[in-house]
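To start, the structure under review is shown below, and the notes come after it.
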DNA sequence: TGAAATCCTTATCTTTTGTTAACGTTTTCA
DNA sequence: TGAAAACGTTAACAAAAGATAAGGATTTCA
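Chains as they are written, first to last, in my numbering: chain E, 1055 to 1253; chain L, 1055 to 1253.
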C-alpha cells in the first residue's frame, strides 16, 4: 500500500472526528510519517516514553502488561483504528505496558513534537485542539463501556457479548489473548466456551 | 458556601487543565450555574440525556447501574472533582446509569448548551477546546489505570491498593458500594477484609 | 424516641475460577 | 522439511467468589 492510499484511508478514518479541507490537508500531511511493523515487532515497550500517535492502515496489534513474568493482554487495535500508548504519549511518562504487532502492520504516525507544532500552528491550532478533544472523548466512551462490563457482567457474559459484537476476532486473534482481554485465564475461557456451546 | 467561594474553588480546581485570566473569567462565569443535591437525590437517571457537566465543591456522589433489579455502584466522585454522565452528555444519548448524591452536595454546573456557546465564542473557543481536550485526556488516563487493574489484579489486590491509595474512602462510603466498585459482591469484600487482616 | 431501614459479618452450600500438568494438533521458521 | 514452539482442550485439585439467609449493630427519620 503506497503512501497516497494510506493517507486517504487516514483522512477517511478520522473524518468521524474532524474533516480537513484540501488546503488544510496540504498543511497537515507533511507532519505525518509512515512505518511498518513486522509481525511480533514492538511499537512500545515498558519504560520508554511513547513518541507517536498512530493510525493503523493494515494489520493488528495487542497491548499487554507483564506481571510476575507473565504477559497479560489488555486490548487490541485493528486497521482503521488509532493506536498509541496513550497515557505515556500524553503525559510524557515512561510507558507501563507493551504494544506488539500481531501481523505485519502499516502505520500512519504523528510524533508528539509534530502534534505540538500543529497545536501552535495559526491555521491548524483550533482544529487540532478539537481533533484531540474528540478523539479523547471517543475513547472515554469506549472505556466507560469496558469498565461497566467488568462491573456488571460475569466473565461468561462478557464472552457472550464479545461473541455477539465481534465474532471475527476469534478467527484472527489467539484465544489466550482474548481470555486476558475478558479478564480470565485461557483455561477458564476454554471452559466457558464449552459451557456456552452445550447450553 | 456562597457562589463567590464556589467559583474560586472551581477556578482553582480546573487550573490543572487551563487557567483563565481575569477578563476571560469575566466572560466565562456567566455561563455557569449552581445547584445543591440533597442526600440521596439523583443528578442523573437512566433514560434521560444528561445536560450538565459539573464541578463538586462539597459532597460526594456515586454512579450506579441497575442490573436484574440490583443496584451496582461503579464509581464515586468527591469535592474538587468533575462529575457528569459523561457519555450521555457528550453524545446526547439517553443515560444508561444513575448518579446519586451520597451526602448533601454542592455543584458548579455548565450546561451542554452553554458549553457549545463557549466553543463558538470568539475569545473563549480555543481555550475551551483545550479545556475539553485536557479533561478528556485526564479521564482517559484514569480509565486506563482502572481497566489495567481489572485485567492484571485479583479482587484482593485491587482492595489492597485501594486501601493504600484512598484509605479514607472506607470512612466515608458504605462498604457494599465499594465492593461493587472493586468488582465483587459485598459478602466477598467482607471476606477479603478479614483475610487480609489476618495475614 | 422508637420502629424501620441500612449495614456488616458470618455460615453454608454451590458455582466458578485459578493452578498445574499432560496431551494432541497446528504453526512457525531455521 | 523437520524440530521446536505455540496453541487449545481436558483433568484434578485448591482457592475464591456467588447466592442466600440469619443475626446483631448502627443509623435514619417520621
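Backbone N, C-alpha and C define an ideal beta-carbon position, used for all residues, glycine too.
Close Cβ partners of residue i (< 7 Å) along its chain, the five nearest in sequence each way excluded
i: residue 1255(L); result: Since the first and last residues shown for chain L are 1055 and 1253, residue 1255(L) lies out of range.
i: residue 1089(E); result: 1161, 1163
i: residue 1072(L); result: 1181, 1184, 1185, 1188
i: residue 1058(E); result: none
Proximity to residue i [Cα-Cα], best of the options
i: residue 1148(L); options: 1223(L), 1096(L), 1103(L); result: 1103(L)
i: residue 1084(L); options: 1171(L), 1154(L), 1121(L); result: 1171(L)
i: residue 1183(L); options: 1146(L), 1169(L), 1193(L); result: 1169(L)
i: residue 1080(L); options: 1111(L), 1112(L), 1158(L), 1062(L); result: 1062(L)
i: residue 1076(E); options: 1231(E), 1177(E), 1205(E); result: 1177(E)
i: residue 1113(L); options: 1158(L), 1136(L), 1207(L), 1223(L); result: 1158(L)
i: residue 1153(E); options: 1142(E), 1145(E), 1118(E), 1141(E); result: 1118(E)
i: residue 1141(E); options: 1135(E), 1194(E), 1111(E); result: 1194(E)
i: residue 1151(L); options: 1137(E), 1198(E), 1191(E); result: 1198(E)
i: residue 1227(L); options: 1192(L), 1105(L), 1156(L), 1099(L); result: 1156(L)
Residue i versus residue j - alpha carbon distance
i: residue 1094(L); j: residue 1070(E); result: 39 Å
i: residue 1249(E); j: residue 1217(E); result: 14 Å
i: residue 1131(L); j: residue 1202(L); result: 20 Å
i: residue 1246(L); j: residue 1238(E); result: 19 Å
i: residue 1210(E); j: residue 1127(E); result: 18 Å
i: residue 1165(L); j: residue 1097(E); result: 41 Å
i: residue 1056(L); j: residue 1175(L); result: 28 Å
i: residue 1120(E); j: residue 1231(E); result: 13 Å
i: residue 1129(L); j: residue 1223(L); result: 12 Å
i: residue 1139(E); j: residue 1167(L); result: 33 Å
i: residue 1221(L); j: residue 1200(E); result: 26 Å
i: residue 1219(L); j: residue 1092(E); result: 40 Å
i: residue 1254(E); j: residue 1145(E); result: Given a span of 1055 to 1253 for chain E in the structure shown, any question on residue 1254(E) remains unanswerable.
i: residue 1068(E); j: residue 1185(E); result: 9 Å
i: residue 1124(E); j: residue 1101(L); result: 42 Å
i: residue 1109(E); j: residue 1225(L); result: 45 Å
i: residue 1107(E); j: residue 1136(E); result: 7 Å
i: residue 1105(E); j: residue 1234(E); result: 27 Å
Identity of the residues DSSP links to residue i by a beta bridge
i: residue 1095(E); result: Its beta-bridge partners do not exist; DSSP assigns none.
i: residue 1159(E); result: 1091(E)
i: residue 1116(L); result: 1130(L), 1154(L)
i: residue 1108(L); result: 1137(L), 1163(L)
Close Cβ partners of residue i (< 8 Å) along its chain, the five nearest in sequence each way excluded
i: residue 1074(E); result: 1065, 1082, 1181
i: residue 1179(L); result: 1172, 1173
Residue i CB to nearest heavy atom of the ligand NAP below 7 Å
i: residue 1145(E); result: For the structure depicted, the ligand NAP is absent and the ligand set is empty, with no information on it obtainable.
Beta-carbon contacts of residue i that lie in its chain and below 6 Å, excluding the five residues immediately before and after
i: residue 1212(L); result: 1203, 1236
i: residue 1087(E); result: 1163
i: residue 1134(E); result: 1067
* Tell me the start and end of each unbroken alpha helix (DSSP H) in the stretch 1151–1235 of chain L that is at least 4 residues and wholly inside, in chain order. => 1166–1173, 1179–1206, 1209–1219, 1223–1226
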